[in-house]
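Participant:
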Amino acid sequence: MPVMQHVRIFAVVSLLIAAVTGVISCSSRTAPGQPVAGAALTGAIDSVVEASRSDLALPGVSMAILRGQTLLLAKGYGLADRESGRPSSGRAIYPIGSLSKQITAAAVMKLVEQGRIDLDEPLATYLPQYRPQSGQMPSIRQLLLQTSGIPAWDDLPEFQDIDSGPADRFTRARMLDVLARAPALYRPGDWWSYSNSNYFLLAAVIEGVTAMPHDRYLEETFFAPLGLGSTGGCASERIARAAERAVGYGLADRAYVLRPLTNIKANAFVGAGGLCSNATDLAQWMRALVDGHVVSAASFREMTTAAPVAAGFTPPYGYGFSLKPLVGQRAVWHIGSMAGFMSVLAYFPDQDIIISALANRRRARLETLVKNVARALMHLPAPVLRDLPVPADERTRVVGDYDDGMFRFRVYEQGEQLYVDVPPLGSPLRLRYEGGHEFATPEPDERRFQFQPVDGPVQRVDWEWGEIRAFGRRIR
Numbered sequence: 000m001p002v003m004q005h006v007r008i009f010a011v012v013s014l015l016i017a018a019v020t021g022v023i024s025c026s027s028r029t030a031p032g033q034p035v036a037g038a039a040l041t042g043a044i045d046s047v048v049e050a051s052r053s054d055l056a057l058p059g060v061s062m063a064i065l066r067g068q069t070l071l072l073a074k075g076y077g078l079a080d081r082e083s084g085r086p087s088s089g090r091a092i093y094p095i096g097s098l099s100k101q102i103t104a105a106a107v108m109k110l111v112e113q114g115r116i117d118l119d120e121p122l123a124t125y126l127p128q129y130r131p132q133s134g135q136m137p138s139i140r141q142l143l144l145q146t147s148g149i150p151a152w153d154d155l156p157e158f159q160d161i162d163s164g165p166a167d168r169f170t171r172a173r174m175l176d177v178l179a180r181a182p183a184l185y186r187p188g189d190w191w192s193y194s195n196s197n198y199f200l201l202a203a204v205i206e207g208v209t210a211m212p213h214d215r216y217l218e219e220t221f222f223a224p225l226g227l228g229s230t231g232g233c234a235s236e237r238i239a240r241a242a243e244r245a246v247g248y249g250l251a252d253r254a255y256v257l258r259p260l261t262n263i264k265a266n267a268f269v270g271a272g273g274l275c276s277n278a279t280d281l282a283q284w285m286r287a288l289v290d291g292h293v294v295s296a297a298s299f300r301e302m303t304t305a306a307p308v309a310a311g312f313t314p315p316y317g318y319g320f321s322l323k324p325l326v327g328q329r330a331v332w333h334i335g336s337m338a339g340f341m342s343v344l345a346y347f348p349d350q351d352i353i354i355s356a357l358a359n360r361r362r363a364r365l366e367t368l369v370k371n372v373a374r375a376l377m378h379l380p381a382p383v384l385r386d387l388p389v390p391a392d393e394r395t396r397v398v399g400d401y402d403d404g405m406f407r408f409r410v411y412e413q414g415e416q417l418y419v420d421v422p423p424l425g426s427p428l429r430l431r432y433e434g435g436h437e438f439a440t441p442e443p444d445e446r447r448f449q450f451q452p453v454d455g456p457v458q459r460v461d462w463e464w465g466e467i468r469a470f471g472r473r474i475r
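Under numbering that gives the first Met the number 0, the residue at position 210 of the sequence shown is numbered 209, and the numbers go up by one with no gaps.
Take a look at the structure:
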């Protein structure tokens with residue numbers, strides 16, 4: 000993002016801080032569940048969202064904000080459908096991608112509470128047809144924590160071209176068969192790597208235990224009782240009947256192109272990314288989860304507790320939730336990406352603030368918009384990124400190739416600068432040196448790197464992107 004765009008956004012955020020601080024201090028007088036009456040709050044947030052929406056090239060955004068039981072905002076910005084000119088709203092429905100994982104995780108925990116699933120039982124106990132050729136059988140807990148060692152099915156060559164491929168390539172039986180034949184990345188519990196396969200398999204477990212389709216179980220157990228009328232499987236009749244659905248887009252040569260979500264893709268991503276919802280429902284879902292109306296308080300604590308791996312580090316990830324701080328604050332959150340859509344759902348426990356945001360452009364940095372709003376709501380300063388000279392020995396120490404189980408990437412030297420090249424995530428980026436053996440790239444990409452150990456030969460890189468802190472072994 001150009002420097003002047005940063006300056007413009009940070010100036011708008013500063014204005015919002017002053018406006019919001021006064022409005023929120025009065026919000027306790029508003030009846031629970033009712034919007035705060037105050038043009039200052041809405042207008043100030045509007046300014047930040049519109050500035051970010053412009054800089055991120057987002058056709059439309061829907062957002063909801065809860066503080067405690069008070070709904071501060073539920074609103075749409077821009078267009079849900081560019082062709083028809085239909086505006087977005089707080090109730091426009093979008094695919095939510097990986098936000099689906101926390102709902103699958105909650106379903107597993109509900110079955111644990113009922114004594115129907117044991118987290119430390121091997122997967123084969125509940126899914127006997129899954130017999131991996133590697134002989135590595137993860138537990139249910141390791142699937143939830145993303146420490147199973149099972150590769151992401153959507154990265155395997157058998158499952159490319161999902162947007163145009165025939166439906167029979169993506170049946171449950173075939174996907175299980177291909178996964179069973181795929182080499183394991185590591186022994187279960189040894190390392191951490193983000194994989195949609197884990198939550199695809201958990202959905203299959205839920206179906207086997209309940210004798211119900213995964214999405215129908217979620218609807219009957221959670222969505223209907225909680226009154227989440229716009230939430231359900233993207234390929235379900237429940238969502239197909241909904242009139243207010245956003246249209247997905249990508250960017251090609253600076254022009255918007257349609258990127259719809261097909262039913263084949265929605266069904267293939269069951270458990271990991273196949274749900275649709277709106278901003279208001281998502282905020283209410285998180286509120287119900289935090290308040291113990293979805294699973295017990297003990298189950299929610301378990302879902303939001305990180306666990307160490309055998310390699311000796313503790314990934315900041317629970318059961319379908321990132322636990323990595325957001326804008327420097329404790330947070331329980333996640334990002335979703337599916338077809339031409341992005342989503343963010345964040346809960347800040349210390350402030351009891353929930354922010355949900357949905358947008359209809361592929362691979363947009365929607366979390367940047369959420370960060371700008373969150374900083375303003377919490378009266379937080381904008382980050383300052385240092386750009387110090389990189390010592391020659393530090394450049395020599397960190398240059399190399401790395402593999403985190405999701406991406407293979409390299410850090411290389413050019414002149415006296417360092418660059419990182421993660422091919423699936425776009426063009427190489429220059430690494431700014433923060434001092435203390437830490438590097439970063441500016442927003443909206445905002446990736447952070449720390450090479451381990453901090454002295455001596457590098458063996459591992461801990462790097463952050465979006466809500467993920469990944470851990471890459473040095474391979475060369």
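Every residue gets a Cβ at the ideal spot worked out from N, C-alpha and C, and that includes glycine.
Is the number of C-beta pairs between the stretch 85 to 97 and the stretch 330 to 344 that are closer than 8 Å three or more?
Facilitator: At 8 Å Cβ cutoff, the stretches touch.
Participant: Which of the three DSSP states is assigned to Tyr185 in this structure?
Facilitator: As a first step, residue 185 must be located in the sequence shown, where it is residue number 186. DSSP places Tyr185 in coil when its eight states are reduced to three.
Participant: Going by beta-carbon coordinates alone, are Val308 and Trp191 separated by less than 8 Å?
Facilitator: Stepping through the sequence shown from its first residue, residue 308 is reached at position 309. Stepping through the sequence shown from its first residue, residue 191 is reached at position 192. Against a cut-off of 8 Å, the Cβ pair of Trp191 and Val308 comes out as a contact.
Participant: Taking only runs of the alpha helix (DSSP H) that begin and end inside the stretch 108 to 186, which ones reach a length of at least 4 residues, in chain order?
Facilitator: The stretch 108 to 186 contains these whole alpha helix (DSSP H) runs: 139 to 144 and 171 to 180.
Participant: Considering only the beta carbon of each residue, do Val204 and Tyr125 sit closer than 8 Å?
Facilitator: Residue numbering aside, residue 204 sits at position 205 when the sequence shown is read from its first letter. Residue numbering aside, residue 125 sits at position 126 when the sequence shown is read from its first letter. Yes; because the gap between Cβ atoms is below 8 Å, this pair is in contact.
Participant: Using DSSP's beta-bridge definition, name the partner residues of Met476.
Facilitator: A question about residue 476 goes unanswered here, because the residues of the chain that appear run from 0 up to 475.
Participant: What span of residues does the beta strand (DSSP E) with Thr69 cover, start to end?
Facilitator: On the sequence shown, position 70 is the one that residue 69 refers to. Run containing Thr69: Thr69 to Asp80, per the beta strand (DSSP E) assignment.
Participant: Going along the chain, which residues of its own chain have a beta-carbon closer than 6 Å to the beta-carbon of Met108, five neighbours each way excluded?
Facilitator: For the purposes of this step, residue 108 is taken as the residue at position 109 of the sequence shown. Counting only Cβ-Cβ distances below 6 Å, and skipping sequence neighbours, we find Val294 and Ser298.
Participant: Where do the N-terminal and C-terminal ends of the beta strand (DSSP E) with Trp462 fall, by residue?
Facilitator: As a working mapping, residue 462 is identified with position 463 in the sequence shown. Run containing Trp462: Arg459 to Trp464, per the beta strand (DSSP E) assignment.
Participant: Report buried or exposed for Ala234, applying the criterion of at least 16 other Cβ atoms within 10 angstroms of its Cβ.
Facilitator: In the sequence shown, the residue the question calls residue 234 occupies position 235. Its Cβ being crowded by 16 or more others within 10 Å, Ala234 is buried.
Participant: Per the DSSP calculation, Pro324 is bridged to which residue(s)?
Facilitator: Residue mapping note: residue 324 aligns to position 325 of the sequence shown, counting from 1. Pro324 pairs with nothing; no bridge assigned.
Participant: In its own chain, which residues sit with a C-beta less than 6 Å from the C-beta of Thr230, not counting the 5 before and 5 after it?
Facilitator: Here residue 230 refers to the residue found at position 231 of the sequence shown. So the qualifying residues of the chain are Phe222, Ser276 and Asp280.
Participant: Around the C-beta of Arg66, are 16 or more other C-beta atoms found within 10 angstroms, so that it is buried, or is it exposed?
Facilitator: On the sequence shown, residue 66 is found 67 positions in, with the first residue counted as 1. So Arg66 ends up on the buried side.
Participant: With a threshold of 16 other CB atoms inside 10 Å of the CB of Leu257, please say whether the residue is buried or exposed.
Facilitator: Sequence index remark: in the sequence shown, residue 257 carries index 258 (1-based). The residue in question, Leu257, is exposed, as its Cβ has fewer than 16 Cβ neighbours within 10 Å.
Participant: Where does the unbroken alpha helix (DSSP H) through Leu397 begin, and where does it stop?
Facilitator: Stepping through the sequence shown from its first residue, residue 397 is reached at position 398. Looking at the sequence shown, residue 397 is not Leu but Val. Its alpha helix (DSSP H) spans residues Ala391 to Val397.
Participant: Pick out whichever of His333, Gly471 and Glu82 has its Cα sitting closest to the Cα of Val246.
Facilitator: One-based indexing of the sequence shown puts residue 246 at position 247. That would be Glu82, whose Cα lies nearest to the Cα of Val246.
Participant: To which residues of the same chain is Ala30 closer than 6 Å at the C-beta, ignoring the five residues directly before and after it?
Facilitator: For the purposes of this step, residue 30 is taken as the residue at position 31 of the sequence shown. With a pLDDT of 39 at Ala30, under the threshold of 50, the modelled position of that residue is not reliable, and the figure given next carries that caveat. Same-chain partners within the cutoff: there are none.
Participant: So Met377 and Gln413 are in contact, right, with Cβ under 8 Å, and what is the actual spacing, rounded?
Facilitator: Reading the sequence shown from its first residue, position 378 is the one you call residue 377. Reading the sequence shown from its first residue, position 414 is the one you call residue 413. That pair is no contact at about 38 Å.
Participant: Considering Cα atoms alone, identify which of Arg473, Leu424, Ala106 and Trp462 is closest to Glu219.
Facilitator: Translated into the one-based positions of the sequence shown, residue 219 becomes position 220. When each option's Cα is compared against that of Glu219, the closest is Ala106.
Participant: How many angstroms separate the CA atom of Leu365 from the CA atom of Glu236?
Facilitator: The residue you call residue 365 lines up with position 366 of the sequence shown. The residue you call residue 236 lines up with position 237 of the sequence shown. Near 28 Å, if we compare the C-alpha coordinates of Glu236 and Leu365.
Participant: Expressed to the nearest angstrom, what Euclidean distance is found between the alpha-carbon atoms of Ala242 and Arg186?
Facilitator: In the sequence shown, counting from the first residue as 1, residue 242 sits at position 243. In the sequence shown, counting from the first residue as 1, residue 186 sits at position 187. Roughly 46 Å separates the two Cα atoms.
Participant: Using the Cα positions of Gly188 and Pro182, report the straight-line distance between them to the nearest angstrom.
Facilitator: As a first step, residue 188 must be located in the sequence shown, where it is residue number 189. As a first step, residue 182 must be located in the sequence shown, where it is residue number 183. Distance between the alpha carbons of Gly188 and Pro182: 16 Å.
Participant: Assign Asp351 to one of three DSSP states: helix, strand, or coil.
Facilitator: By 1-based counting over the sequence shown, the position of residue 351 is 352. Three-state result, Asp351: coil.
Participant: Measure the alpha-carbon distance for Asn371 versus Ala345 and round it to whole angstroms.
Facilitator: For the purposes of this step, residue 371 is taken as the residue at position 372 of the sequence shown. For the purposes of this step, residue 345 is taken as the residue at position 346 of the sequence shown. Taking the straight line from one Cα to the other gives about 13 Å.
Participant: Taking DSSP's pairing of strands, which residues face Gly59 in a bridge?
Facilitator: Walking along the sequence shown from the start, residue 59 turns up at place 60. Gly77, per the DSSP bridge assignment.
Participant: Can you grab the Cα-Cα spacing for the pair Pro390 / Gly75, in whole Å?
Facilitator: On the sequence shown, position 391 is the one that residue 390 refers to. On the sequence shown, position 76 is the one that residue 75 refers to. Roughly 48 Å between the two C-alpha positions.
Participant: Based on the DSSP secondary-structure assignment, which residues constitute the bridge partners of Pro249?
Facilitator: Within the sequence shown, residue 249 is the residue found at index 250, counting from 1. Correcting the residue type first, residue 249 is Gly in the shown sequence and not Pro. According to DSSP, Gly249 bridges with Val256.
Participant: Hey, how far is the Cα of Pro452 from the Cα of Leu72?
Facilitator: Numbered from its first residue, the sequence shown carries residue 452 at position 453. Numbered from its first residue, the sequence shown carries residue 72 at position 73. Approximately 45 Å, taken between the alpha carbons.
Participant: Only counting the same chain, and skipping five residues up and downstream in sequence, which positions put a Cβ closer than 8 Å to that of Gln328?
Facilitator: The residue labelled residue 328 in the question sits at position 329 within the sequence shown. So the qualifying residues of the chain are Phe347, Asp349, Gln350, Ala373, Met377 and Leu379.
Participant: Just grab the DSSP bridge partners of Asp400 for me.
Facilitator: Here the question's residue 400 lines up with position 401 in the sequence shown. Paired residues: Arg409.
Participant: Checking 8 Å against the spacing of the C-beta atoms, do Asp420 and Tyr432 come in under that value?
Facilitator: Position 421 of the sequence shown holds residue 420. Position 433 of the sequence shown holds residue 432. No.
Participant: Restricting to Cα atoms, I'd like to know which of Ser97, Val397 and Gln449 is closest to Ser321.
Facilitator: Here residue 321 is taken as the residue at index 322 of the sequence shown, counted from 1. Comparing Cα-Cα distances from Ser321 to each of Ser97, Val397 and Gln449, the minimum goes to Ser97.
Participant: Note the first and the last residue of the continuous beta strand (DSSP E) segment covering Leu428.
Facilitator: The residue you call residue 428 lines up with position 429 of the sequence shown. Leu428 to Gly434 is the span of the beta strand (DSSP E), which, as asked, contains Leu428.
Participant: Evaluate Asp392 with the Cβ neighbour count: other Cβ atoms within 10 Å of its Cβ, from every protein chain shown; 16 or more gives buried, anything less gives exposed.
Facilitator: Here residue 392 corresponds to residue number 393 of the sequence shown, with the count starting at 1. By the 10 Å Cβ count, Asp392 comes out exposed.
Participant: Would you decide whether Gly435 is buried or exposed? Buried here means 16 or more other CB atoms lie within 10 Å of its CB.
Facilitator: In the sequence shown, counting from the first residue as 1, residue 435 sits at position 436. Exposed, by the Cβ-count rule.
Participant: Check whether the Cβ atoms of Tyr193 and Ile467 sit closer than 8 Å, and answer yes or no.
Facilitator: Along the sequence shown, one-based indexing puts residue 193 at 194. Along the sequence shown, one-based indexing puts residue 467 at 468. The answer is yes: Cβ separation under 8 Å.
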